Amino acid sequence: MNFLKKLVPQVALAEAQLLSRSSIHTSAVCCRVQSGRYRITTKRNRPLTYEMANPPHFIGHRKSWNSWNTSTLEDGLRPSQTAIEDVFIRKFMTGTWHALVCSEVIIKRQHNTIRIAALIRQAITPRKMYFLIGYTEELLSYWMQCPVTLELQTVGDKNDVIFKYI
0 MNFLKKLVPQ VALAEAQLLS RSSIHTSAVC CRVQSGRYRI TTKRNRPLTY
50 EMANPPHFIG HRKSWNSWNT STLEDGLRPS QTAIEDVFIR KFMTGTWHAL
100 VCSEVIIKRQ HNTIRIAALI RQAITPRKMY FLIGYTEELL SYWMQCPVTL
150 ELQTVGDKND VIFKYI
């Protein structure tokens, strides 16, 4: 109890000192300016897809969200579990389809179904591709306890998805 009585005046003094200082920022303002943007290289040889080429403030205008679900709304069910599941699905897809995923993995949740969309390179035989589709759908359906479907589109070369170079 004595400890708290001694601590209260010190906290009040610290708050008063903090409020008495001027709140002038000397650093440059970075509001929606830097995050999610890619630095231009000197040789302009960094490839960007359409998704990467648009800055974050164009989400909903020129590009869409990578996860479609309603759990992040107010009073949504399981928002943290849904986010962790989305990260797991993306890592599982990029690991299973090693060096074949050319774009972002899009996850759409509708009722009890999870639909996963991505662009895949045509670097393996159709037989292996069908096996990987079935393998991915079965394992994810078992782990997520709901039906999972893959909506994959194939491209001939990784350079086909490049939108511009910076």
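Those letters in the sequence shown? Residues 0 to 165, by numbering that gives the first Met the number 0. Every residue gets a Cβ at the ideal spot worked out from N, C-alpha and C, and that includes glycine. From a predicted model like this one, the values you see are computed outputs, not experimental measurements.
Could you pull the start and end residues of the alpha helix (DSSP H) that K127 belongs to? Along the sequence shown, read from residue 1 onward, the residue named residue 127 stands at position 128. Here the alpha helix (DSSP H) through K127 covers P125 to M143.
CB-CB length for R61 against N53, believed under 8 Å: The count along the sequence shown starts at 1 and reaches residue 61 at position 62. The count along the sequence shown starts at 1 and reaches residue 53 at position 54. Confirmed, about 5 Å.
Report the option in Q121, F130 and Q109 whose CA atom is closest to the CA atom of V147. Mapped onto the sequence shown, residue 147 falls at position 148. The candidate whose alpha carbon is nearest that of V147 is Q109.
What residue range is occupied by the uninterrupted alpha helix (DSSP H) comprising T81? Here residue 81 corresponds to residue number 82 of the sequence shown, with the count starting at 1. For T81, the enclosing alpha helix (DSSP H) has its first and last residue at P78 to T95.
For my contact list, R126 and E150 are in at a C-beta cut-off of 8 Å; report their separation, rounded to the angstrom. Mapped onto the sequence shown, residue 126 falls at position 127. Mapped onto the sequence shown, residue 150 falls at position 151. About 20 Å; that fails the 8 Å criterion.
Would you please state the rounded distance, in angstroms, between the beta carbons of N65 and I105? I believe it to be under 8 Å. Within the sequence shown, the letter at position 66 stands for residue 65. Within the sequence shown, the letter at position 106 stands for residue 105. Taking C-beta atoms under 8 Å as the contact rule, N65 and I105 qualify, at a distance of about 6 Å.
To the nearest whole angstrom, what separates the beta carbons of R45 and I132, a pair I think is in contact under 8 Å? As a first step, residue 45 must be located in the sequence shown, where it is residue number 46. As a first step, residue 132 must be located in the sequence shown, where it is residue number 133. The pair is not a contact, with the Cβ atoms about 31 Å apart (cut-off 8 Å).
Could you round the C-beta distance between F92 and T135 to whole angstroms and report it? I think they count as a contact, below 8 Å. Locating residue 92 in the sequence shown gives position 93, counting from the first residue. Locating residue 135 in the sequence shown gives position 136, counting from the first residue. It is Met, not Phe, that sits at residue 92 in the sequence shown. Distance from M92 to T135 at the Cβ level is roughly 7 Å; contact confirmed, criterion being Cβ atoms closer than 8 Å.
CB of E103 within 8 Å of CB of M143, strictly: The residue you call residue 103 lines up with position 104 of the sequence shown. The residue you call residue 143 lines up with position 144 of the sequence shown. Contact flag unset, no.
Backbone secondary structure at A122 - three-state DSSP: The residue given as residue 122 occupies position 123 in the sequence shown. Here A122 sits in coil by DSSP.
Output needed for T153: all residues of its chain with C-beta closer than 6 Å, excluding positions within five of it in sequence on either side, in chain order. In the sequence shown, residue 153 corresponds to position 154, counting from 1. The answer, listed in chain order, is I119 and Q121.
What do you get for R43, buried or exposed, if any count of 16 or more other CB atoms within 10 angstroms of its CB means buried? What you label residue 43 is simply residue 44 of the sequence shown in a count that begins at 1. If you draw a 10 Å sphere on the C-beta of R43, you find fewer than 16 other C-beta atoms in it, and that means exposed.
Less than 8 Å between C-beta atoms, sequence neighbours within five positions excluded: which residues of the same chain meet that for L47? One-based indexing of the sequence shown puts residue 47 at position 48. Within the same chain, L47 has close Cβ partners Y37, I161, F162, K163, Y164 and I165.
Any chance the CB of Q144 is under 7 Å from a heavy atom of the ligand FMN? The ligand FMN is not among the ligands present in this structure, which contains no ligands whatsoever.
Span separating the alpha-carbon of K157 from that of G35: Within the sequence shown, the letter at position 158 stands for residue 157. Within the sequence shown, the letter at position 36 stands for residue 35. Cα-Cα distance, rounded: 22 Å.
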